[in-house]
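**Student:** Mapped onto UniProt numbering, the consecutive letters of the sequence shown carry residue numbers 1 to 629.
Right, I'll just put the structure down here and ask away after.
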Amino acid sequence: MLEIALIYLAAAIVAVPIAKRVGLGSVLGYLIAGILIGPYALGVVGDQTDVMHFAEFGVVMMLFLVGLELQPSRLWTLRHSILGLGGLQVVLSAAAIFAFCYWFFAMHWQTALAIGLMLALSSTAIVLQSLEEKGWLKQEAGQNAFSVLLFQDIAIIPILALLPLLAFAPQTSTKEISDSIIASWPVWQQVCVSVAVIAAIIAGGKYVSAPLFRYIAQTHMREIFTIFALFLVVAIALVMQSIGLSPALGTFLAGVVLAESEFRHELEADIEPFKGLLLGLFFITVGASINFELLFNEFSTVIGLVVLLIVVKACILFALAVTFKINSKQQLLFALALAQGGEFAFVLLSVTTTLSILTPEQTSLVTLVVAVSMLIAPLLLMVYEQIQKRSSSALPEFDKPEQISTAKHVIIAGYGRFGQIMGRLLHAQGYEITVLDHSPSQIELLRRFGNTVFYGDAARQELLEAAGAHTAQMLVIAIDNPDKTIEIIKLAHKNYPQLKIVARAIDRRHAYQLLNLKVDAFNRETVDSAINLAVEALELLGNTKQDAERAGKLFRDHDRAAVLQLAALWGDDASYGVAVRQRMEDLKQVLQQDKQAQSDLNTCDSGDCENGLTEVTSKPKKPDDAHLE
């Protein structure tokens with residue numbers, strides 16, 4: 001097993017970067033890697049059916065992440081495209097393919113219908129990954145493609161229930177072709193159990209999972225948080241599979257429920273690496289499963305069927321895009337994105353073979369057609385991309401991130417007392433605030449007051465990206481960890497150079513670091529409050545309000561100038577020590593001279609001198625005072 005893992009990883013390391021470099025994309029790179037190591041090329045791996053079943057968890061995790069991006073309100077707005085557009089696509093595509101198989105290829109109607117149903121489905125893994133990689137998933141075409149894919153996932157359930165009714169071998173029990181523990185139950189009981197499980201997933205996500213995530217987050221052990229996230233995904237997938245439902249559908253619903261929680265971005269960051277790894281493994285196994293011996297022996301037949309499948313589905317999809325008034329510039333993208341066969345066809349093929357609906361020869365041919373169409377799918381999107389680049393009128397109109405006003409968007413990392421004050425002021429001025437904080441108790445409190453707060457570590461690029469850092473105007477770093485602040489600043493400078501960065505400085509040393517990193521603004525957290533309190537203390541000690549406030553202003557201005565000057569000397573202990581002592585002496589002299597000047601002015605105001613005012617105001621400025629003006 002370790003040898004196989006090493007081969008898969010090595011193939012991905014070699015093929016995927018090359019494919020990306022030449023513009024083929026990562027999905028096609030993984031498929032090519034699978035072809036190279038498969039039994040019909042280098043032959044280093046054989047039949048990897050078990051590996052494919054394991055890798056299908058990548059699709060499950062992808063649907064969980066997609067669910068996290070969709071709040072229930074957003075899903076409700078997609079109901080027409082899911083049921084209308086998705087439903088018509090499956091029905092019309094299945095009917096068209098059935099007609100070809102029944103009349104042109106003279107198949108039994110049961111076989112023709114089974115093939116029509118399985119080929120009507122598209123590849124969730126390839127479509128979503130390719131659209132996301134090219135930045136098209138949030139466009140109108142991408143959102144409608146997602147709606148169709150979601151309906152297809154739902155349609156798997158009735159299709160699996162229908163297949164036994166098409167069987168030529170009625171003695172084969174449903175139990176023999178399904179892992180479902182309720183397969184032998186009456187249909188009405190199966191429906192009730194399915195509805196109950198789905199309701200339990202939705203309720204559990206809201207009332208059980210979210211509190212558990214808060215409890216685990218309080219331990220501040222990121223690995224436990226990640227382990228629980230993986231446990232949740234795998235457990236839901238297992239439960240759904242055990243009752244004959246789509247595991248991907250179950251995890252998608254769980255993701256939708258958790259989309260409203262403060263842990264949404266952290267969950268995305270934790271699951272994303274596993275999703276990417278397993279999806280890559282899935283694509284490699286698809287590439288390795290292509291039967292090139294059959295392809296070469298029946299080349300014209302296979303290619304003809306692949307072209308026929310893509311053309312039929314693309315025409316139906318394009319007609320639906322026009323009917324549902326999808327943006328005319330994106331109708332072709334919608335049609336090409338969904339024109340291939342899908343991974344669920346492999347599952348349905350195993351069932352139809354067991355039921356003797358398809359012969360072994362037909363199963364091999366359909367499997368090859370589906371695999372080749374999936375291989376061609378990224379190439380179709382590359383063709384669309386070239387058409388788009390050559391036509392200025394077809395340039396994509398990217399959607400703005402949901403719920404974020406790019407014109408007045410500020411991200412605040414850390415929402416304790418310091419961050420809250422800044423957030424309240426910015427929000428009062430009309431700026432939309434996205435908050436990232438790592439304290440579960442603080443988040444819970446803020447959410448009670450209607451604040452939009454998310455649990456996460458702002459030092460992780462995935463979280464900054466999810467929070468909209470690529471379009472935000474400003475990043476406010478208000479956390480109380482100097483090292484983490486520096487880490488976030490470096491990350492933001494590297495990946496989001498357009499961001500203005502405002503940071504909370506813990507002390508003078510931290511302020512020097514922020515200056516050297518060239519942040520746009522910073523403030524030491526205790527300086528202003530300490531100076532304000534010192535001003536009040538001076539008043540209580542008998543000084544006038546005007547004198548006390550003037551002394552406070554002089555101190556503040558001198559201190560800021562000192563920080564700017566001393567930042568360049570930080571690290572050189574000898575020079576820094578001398579400069580600090582000199583600045584302290586300068587401050588003392590400035591305050592004494594100002595006090596004396598004010599005393600002289602007061603004396604002149606009382607009429608005790610004649611030329612004192614002229615003498616005071618005509619004094620030359622000392623070099624040390626010049627920067628204060």
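Note that the Cβ used here is the ideal one computed from N, Cα and C, for glycine as well.
Do you know whose CA, among 127, 249, 109, lies nearest residue 97's CA?
**Tutor:** When only C-alpha atoms are compared, the closest one is 109.
**Student:** Hey, residue 475 and residue 500: beta-carbon distance below 9 Å or not?
**Tutor:** For residue 475 and residue 500, yes; Cβs fall inside 9 Å.
**Student:** Residue 462 and residue 217: beta carbons closer than 9 Å?
**Tutor:** Result no, Cβ atoms of residue 462 and residue 217 do not sit closer than 9 Å.
**Student:** Please work out which residues of its chain come closer than 6 Å, Cβ to Cβ, to residue 405, disregarding the five sequence neighbours upstream and downstream, and give them in chain order.
**Tutor:** Because residue 405 carries a pLDDT of 46, less than 50, the predicted location of this residue cannot be relied on, and the following value inherits that uncertainty. Result list for residue 405: 432, in chain order.
**Student:** Shortest alpha-carbon distance to residue 646 belongs to which of 352, 229, 370, 120?
**Tutor:** Since the first residue shown for the chain is 1 and the last is 629, residue 646 is missing from the structure and cannot be characterised.
**Student:** Quick one: does residue 206 have its CB under 9 Å from some CB of chain D?
**Tutor:** Note that chain D does not occur in the displayed structure, where there is just one protein chain.
**Student:** Where residue 279 and residue 417 are concerned, what is the direct C-alpha to C-alpha distance, given to the nearest angstrom?
**Tutor:** Answer to the nearest angstrom: the Cα atoms are 42 Å apart.
**Student:** Assuming residue 409 is part of the beta strand (DSSP E), what are its boundary residues?
**Tutor:** Element bounds for residue 409: 409-413.
**Student:** Would you check if the distance between the CB atom of residue 375 and the CB atom of residue 131 is smaller than 9 Å?
**Tutor:** The answer is no: Cβ separation not under 9 Å.
**Student:** Suppose you measure from the CA of residue 435 to the CA of residue 162; what does that come to, to the nearest Å?
**Tutor:** One C-alpha to the other measures close to 49 Å.
**Student:** Residue 469 bridges to which residues according to DSSP?
**Tutor:** Partner(s): none; residue 469 has no beta bridge.
**Student:** Enumerate, from N- to C-terminal direction, the unbroken alpha helix (DSSP H) stretches of 4 or more residues contained entirely within the stretch 514-561.
**Tutor:** If we require 4 residues or more, the alpha helix (DSSP H) runs fully inside the stretch 514-561 come out as 527-540.
**Student:** Nearest by alpha-carbon distance to residue 586: which of 597, 561, 567 is it?
**Tutor:** Checking every option, the nearest Cα to that of residue 586 belongs to 561.
**Student:** I need the straight-line Cα distance from residue 357 to residue 166, nearest angstrom please.
**Tutor:** Using only the alpha carbons, I get a separation of about 7 Å.
**Student:** From the DSSP output, which residues share a beta bridge with residue 474?
**Tutor:** BP columns for residue 474 point to 410, 500.
**Student:** Under 9 Å between the Cβ atoms of residue 336 and residue 314?
**Tutor:** Contact flag set, yes.
**Student:** Residue 173: buried (16+ other C-beta within 10 angstroms of its C-beta) or exposed?
**Tutor:** Interpretation of residue 173 is limited by its pLDDT of 46, a score under 50 that renders its predicted location unreliable; no figure is taken from the coordinates.
**Student:** On the three-pair Cβ rule with 8 Å, is the stretch 319-332 touching the stretch 244-263?
**Tutor:** Because the criterion of three Cβ pairs below 8 Å is not met, the stretch 319-332 and the stretch 244-263 do not touch.
**Student:** Comparing alpha-carbon positions, which option in 253, 192, 584, 247 lies nearest residue 203?
**Tutor:** Measuring from the Cα of residue 203, the nearest candidate turns out to be 253.
**Student:** Using 8 Å for Cβ pairs, my map puts residue 414 next to residue 123. What's the rounded Cβ distance?
**Tutor:** Actually they do not touch by this definition, with Cβ atoms about 42 Å apart.
**Student:** Work out the CA separation of residue 249 and residue 300 for me, nearest whole Å.
**Tutor:** Computed Cα separation, rounded: 37 Å.
**Student:** Would residue 127 and residue 349 be called neighbours here (beta carbons separated by less than 9 Å)?
**Tutor:** Cβ distance not < 9 Å, so residue 127 and residue 349 don't count as in contact.
**Student:** So residue 434 is in the beta strand (DSSP E); what residue range does that whole segment cover?
**Tutor:** Residue 434 -> beta strand (DSSP E) spans 432-437.
**Student:** Determine the extent of the alpha helix (DSSP H) in which residue 104 is found, giving its start and end residues.
**Tutor:** No alpha helix (DSSP H) contains residue 104, which DSSP labels as neither H nor E.
**Student:** Please report how far the alpha carbon of residue 363 lies from the alpha carbon of residue 468, in whole angstroms.
**Tutor:** One C-alpha to the other measures close to 46 Å.
**Student:** Around the C-beta of residue 144, are 16 or more other C-beta atoms found within 10 angstroms, so that it is buried, or is it exposed?
**Tutor:** Classification for residue 144: buried.
**Student:** Please state whether the Cβ-Cβ distance between residue 345 and residue 121 is less than 9 Å.
**Tutor:** Cβ atoms of residue 345 and residue 121: closer than 9 Å.
**Student:** Can you tell me whether residue 455 is helix, strand or coil according to DSSP?
**Tutor:** It is a strand residue.
**Student:** If contacts are defined as beta-carbon pairs under 8 Å, then residue 25 and residue 19 qualify, I think. What distance do you get, rounded to the angstrom?
**Tutor:** Indeed, because the Cβ distance is near 7 Å, the residues count as touching under 8 Å.
**Student:** Rounded to whole angstroms, what is the Cα-Cα separation between residue 430 and residue 445?
**Tutor:** Taking the straight line from one Cα to the other gives about 23 Å.
**Student:** Hey, residue 182 and residue 190: beta-carbon distance below 9 Å or not?
**Tutor:** Taking 9 Å as the Cβ cut-off, residue 182 and residue 190 qualify as a contacting pair.
**Student:** Candidates 88, 11, 408, 454: which alpha carbon is nearest residue 147's?
**Tutor:** When only C-alpha atoms are compared, the closest one is 88.
**Student:** Which of the three DSSP states is assigned to residue 505 in this structure?
**Tutor:** Correct three-state label for residue 505: strand.
**Student:** Since residue 630 and residue 566 are thought to touch, with beta carbons under 8 Å apart, how far apart are those beta carbons, to the nearest angstrom?
**Tutor:** A query on residue 630 cannot be resolved here, the shown segment of the chain reaching from 1 to 629 and no further.
**Student:** Let me know the secondary structure DSSP gives residue 149 once reduced to three states.
**Tutor:** Correct three-state label for residue 149: helix.
**Student:** Looking only at its own chain, which residues have a Cβ that is under 6 Å from the Cβ of residue 477, when we skip the five neighbours before and after it?
**Tutor:** Cβ neighbours of residue 477 beyond the five flanking positions: 413, 485, 488, 503.
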